[in-house]
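Chains as they are written, first to last, in this note's numbering: chain S, 1 to 264; chain F, 265 to 528; chain C, 529 to 792; chain U, 793 to 1056; chain X, 1057 to 1320; chain Y, 1321 to 1584. For glycine and all other residues, C-beta sits at the position ideal for the given N, C-alpha and C.
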């Protein structure tokens, strides 16, 4: 009988014998890549990895899956999508660290015989480095010959256009300025509302959103509070709409790629 | 008022403003380095990081400290001290990933103005790579001129010889074979007993403990169950003895190096 | 008098004395990052860098700018945005090569006293690696204290929504599947029509566009011809519309960031 | 029918289908490695890569060859052979960038089935780094088992002793000080005279040519104009003599190594 | 007949034909990893590699072995075990250099068909980096399939507890503070007494030995002379006791792992 | 009084106090970079480093110099200048290892206050990697501001043309094929004749010496014995001629760069 102190969805809570059993059962191994990055006055700096991890945990409720310890530290925050490195608390790693970590972990999974891997990227800046980690593991170990499939997903791309239309009354400004704003805040409210400080929802937009990146960051492209667009109006209800799309997205993905239906 | 969903000892649960406040208060930032490594039939593969993290959390109860997200994945398990990579579940990273990650995170802390840093290394194999991460951050950012002090600690070195004598009736065989054995098992029992499966305590010792490393690992230097020495006889009481030494060790260290007394 | 064999917009065609003069005049140095990647049956595999380079050359007609030798080889092509590495001719470099190259070139420019730098990224896969190259040069040399500004731009983000609406009758499917399709083909037609083989415009769409990446690439997410969406209907006229937006985008950017008006 | 805007000797101007056809025809793939480096008052800073590229293009006129996009940026200029990094315009990359780029590009060619590869190194400082790029690709992919042959050539070694005797009246001082001097200037006059500014031929020699390298560069081992020896007396006629040797050298090389005769 | 100037125990003194013969004879190849590090007023800074090398040479007197050129430069000296980098003369390399060197040399041995390799680590700080060098060579070349065995040894672990008891009258303080102290000094006296300056044996202990590492090094954890504990009382006789244990340790190791008995 | 077991020209034989004294005396620190590479049937595989090291030791007889532990392992042997990696015994390291090692050691010397450094490169293949090591140390620590000068020398470039004329009767074929041939063999005879096995002097030349490198090495560009040209006719007398030039070269270099005259 499993102790209540242990959560057997979590890879680190398994014994090696239980891990082995999961591999034999062809479980999906889910690795979340997040970040420690300022998220305005109302969200904790661990938001990105926490959001991805909540989704991973819920997926493990629905599918035969193993939730791996998340990559909490992510790639350097960029001003126009994450506020940038000038905010206290934003604590990031560079390309070398992220690429090598992902490469090594994936190689270990392949060595153990894992054949279904899902990366949840919950911090946009990580994206290409996760790709490189996968590509390097692929070069070294192969995927085809092993019969292994890796999905690199985000939760945001699964949100449907009509949901965005509904949430923004048809005026969705695009995902980039949505840092610590209505969508992220609502999504977290939908899955773990205790994380959000509702009394501090910011109501400001960055003075301008340039269509390019500027180094060093000029002062007028990020708000002083750190959110890039207003979070006011965020609600649990909106979060549920967002999450419904996200889990439908994973449902279709797991069906299309792994031939799986949810277990619940 | 802080939400019950948030634990304000944890760095990732702080907002950036709260993080900034902690830096201004000269809080100690604690980073745990663990591993995902087989730990016998009775302990989860996340043992190393979980043990270090429990200690970090307890230190944050006693001192003005911030517990950083731990480094869950550690350096490649070695047969004579950690069972080695042949066991399912042992999921490690290499030198490049670990060094670069530690270097980058420390540089970020230095950039933010953190001046008291404690690394808790809970996986012996990590040790020199943590040193290199610290040395590289020191080369790039300096420590002296910043007035920053970094302690690299483990919990095991704080256990006193007379405690070991008492626990082993004067026949302590040294720390190396103590992987997943009496000391680790008891220590976890002392701090979070729900983690240990008491019905599966292994009672076997590796056939031999060579005084050198052998590559590739021969079959007779690791037990089949993964523990390198017996865990039978582990108890909460023994764990309390071990932990008393550990926290006394930290108490002296924080006093000597930071001029701090515990707050409790 | 300059020889007709030399084009004094090009950095490599300057003598070192002329280069020095350009730096003293505070010219904008423009570096294009492209790729060698399959682009369907109607476009050459150098399309990405050629497109970016054409824009750079035109910018040098309008502004006091120096066009640097482009980075022709780009990061590994990804199936859902560039067809992937299975096509003959797709000849890419990895993260290490691209990051180190960008870092080193930027450090050299900073060393020479260049204070206005524009990167044109014409291959989506390059993006984060260019960021890392910039970040590393920034770490090592500083930007603020040098008074240097680096813009990282793409041409696609400057195309306006109403242009996309006009070109696609309100049904723009997003940029990702637009690889070697109507937008890229028309843009090239608008600036250098001799590059496009109009008799081979592909008219096929990939069977499906997943909202995530799959490794290894399944056969049904890329067409056999390599374009991800139809290029039929591409025209010089449409290209002129696209390019008008692009150059207006650069005009505003150079005005906002460098305080410059076009010279023509 | 090929558009006049495209030059089908160039790899980047091929479609992927045309590239594939070239591979099937066992074409020679030619990669030039040059540099952006001061070349005195009369030659552009792109001289090294431009010279190598002109040779590559001419080889493609004579042999079934594909000219790849050149590596324009080269390894750090050294004072006694290239003037060093103190001159404006000298814009170089380090070992990591050059090695990784060459390695990756060669691996891609090997992956595509290319079996005859020629590197033209037109910047002496690149040499060992090109070797390492080749060695790493060889380690990872193999060459023997693939039946692939790689030639690493320069143009200068093909110039015959009696030509050098004729050009220097028997007093050839060796290649090292010939940077931006008579040989390079004449060679370019022989193949693309419009590149050379004949009114600015320098007529000075460096005060001394030490038989070793000195760091940092002392002021008396490089001329102020950047050429290391006089370029006066350079002529198209001398260039033709040089180039005759060069192309004869390639002719013999292609015959000996690839069993090929020129097609012209 | 071999020249007296050559010592045929040494790999570098063999011709390639003799090297080949040694490989065919399945000789043990011994690589020493040392350091250049302050060793108090009485021992030279090359102590670590010299001590390891003396042992290697003696092993070659007893076994069919080839002594490889030692790695003289070692990993960064750490204050609590080697005095740290503040002492003149301590001249170290970082993780990258050490790992890559070990990896490359081992890969070469494997390529040549060597099947018995012994590393003697004579500088504690090197340990994990030697492991990583071995692990990387193992990943790339394999060991099992080649039938190759690598032993990573130190000389200190072979010294028996009862010897330590005898030498320290039952009060052995552990190996860490034994830097340049009684054990190292005696061991060298036992094998090459001319190395030790007996008139300068230090008699001081570091004021304190913390059970953790501190960065930057505080002034009170290292003595001014560089030794971490007294060397007074060191003697040839004690050295002989130590070395007897060491060579017995190797004898057992070579017997257990290689099935070899000493030849003497 | 110094023990006869110690040679105080050697850095590793100094105590840290003696090292410090040498730095204060502004001694020249000499680092030899060699290789372990086949050298025909008559020379040991350590020839390159041994030759450079003999020169370093002799320089320390003549000048206030410290001879550092040599870099015995060198960059990958190339067929046309060193026989290549197909010969047993040729045991090399790659670019990463060599660059990082040189960089780190030089940084340490700069840190210690050394202001005169001489590298003796005795293995042609090392050359550019030594340059990169120097360049990286220069980037990180500076040289100008420290007042430090580094000379990168070889012994071969100091041999005068008229000496080569005399030795080869005016038919010197260039240094490249002189691997393990008359010049190297005689030079060693001139400085340490016991190293050479005079009964095995090879008398064969490689069938052809291409003016370019070929990968993989074809069988007809290296002799079976490993020397690239005949060593017959080598003599101590010829070696003395060669060495006279070499030491005259160093004499002039030390005079020109360091303002030093020999002390003997």
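Go ahead and label residue i buried or exposed: buried means 16 or more other beta carbons lie within 10 angstroms of its beta carbon, across all protein chains shown.
{"i": "residue 549 of chain C", "result": "exposed"}
{"i": "residue 1160 of chain X", "result": "buried"}
{"i": "residue 525 of chain F", "result": "exposed"}
{"i": "residue 208 of chain S", "result": "exposed"}
{"i": "residue 1319 of chain X", "result": "exposed"}
{"i": "residue 1125 of chain X", "result": "buried"}
{"i": "residue 1281 of chain X", "result": "buried"}
{"i": "residue 843 of chain U", "result": "buried"}
{"i": "residue 666 of chain C", "result": "buried"}
{"i": "residue 188 of chain S", "result": "buried"}
{"i": "residue 478 of chain C", "result": "The structure shown does not extend to residue 478 of chain C, since chain C is modelled only from 529 through 792, so no value can be given for it."}
{"i": "residue 150 of chain S", "result": "buried"}
{"i": "residue 323 of chain F", "result": "buried"}
{"i": "residue 816 of chain U", "result": "exposed"}
Would DSSP call residue i helix, strand or coil?
{"i": "residue 714 of chain C", "result": "helix"}
{"i": "residue 1366 of chain Y", "result": "coil"}
{"i": "residue 1558 of chain Y", "result": "helix"}
{"i": "residue 1381 of chain Y", "result": "helix"}
{"i": "residue 1035 of chain U", "result": "helix"}
{"i": "residue 385 of chain F", "result": "strand"}
{"i": "residue 516 of chain F", "result": "helix"}
{"i": "residue 1330 of chain Y", "result": "strand"}
{"i": "residue 31 of chain S", "result": "strand"}
Write down the C-beta distance between residue i and residue j rounded to the nearest angstrom, noting that I regard them as a contact closer than 8 Å.
{"i": "residue 94 of chain S", "j": "residue 277 of chain F", "result": "Incorrect: roughly 25 Å between the Cβ atoms, too far for contact."}
{"i": "residue 908 of chain U", "j": "residue 811 of chain U", "result": "15 Å between Cβ atoms; not a contact."}
{"i": "residue 925 of chain U", "j": "residue 894 of chain U", "result": "3 Å"}
{"i": "residue 855 of chain U", "j": "residue 820 of chain U", "result": "6 Å"}
{"i": "residue 1449 of chain Y", "j": "residue 1430 of chain Y", "result": "Residue 1449 of chain Y to residue 1430 of chain Y, Cβ: 19 Å. No contact."}
{"i": "residue 84 of chain S", "j": "residue 217 of chain S", "result": "5 Å"}
{"i": "residue 739 of chain C", "j": "residue 158 of chain S", "result": "6 Å"}
Practice item. Output, in sequence order along the chain, the residues in the region 1546 to 1573 of chain Y whose CB is closer than 9 Å to any CB in chain X. Key: 1546
Exercise for review: Report the residue ranges of all beta strand (DSSP E) runs contained in full by the region 1200 to 1287 of chain X; include only those spanning at least 3 residues, in chain order.
Suggested key: 1205 to 1210, 1269 to 1271
Point to revise | Length-filtered (4 minimum) alpha helix (DSSP H) runs lying within the region 1385 to 1438 of chain Y | key: 1399 to 1402, 1415 to 1432
Exercise for review: Using a Cβ-Cβ cut-off of less than 8 Å, give me the residues of the region 408 to 420 of chain F that come near chain X, in sequence order.
Suggested key: Under the 8 Å Cβ criterion, the region 408 to 420 of chain F contributes 408, 413, 414, 415, 416, 417, 418.
Practice item. Could you run through the region 1444 to 1455 of chain Y and flag, in chain order, every residue whose CB is less than 9 Å away from some CB of chain X? Key: none
Practice item. Pull out every residue of the region 1214 to 1233 of chain X whose Cβ sits closer than 8 Å to any Cβ of chain F, in chain order. Key: Against chain F - using a Cβ distance shorter than 8 Å - the residues of the region 1214 to 1233 of chain X are 1214.
**Study point:** Chain-ordered residues of the region 204 to 220 of chain S with a beta carbon less than 9 Å from chain C
**Key:** 208, 210, 211, 212, 213, 214, 215, 216, 218
Review point. What residues in the region 1412 to 1432 of chain Y have a beta carbon less than 8 Å from any beta carbon of chain U?
Key: 1414, 1415, 1419
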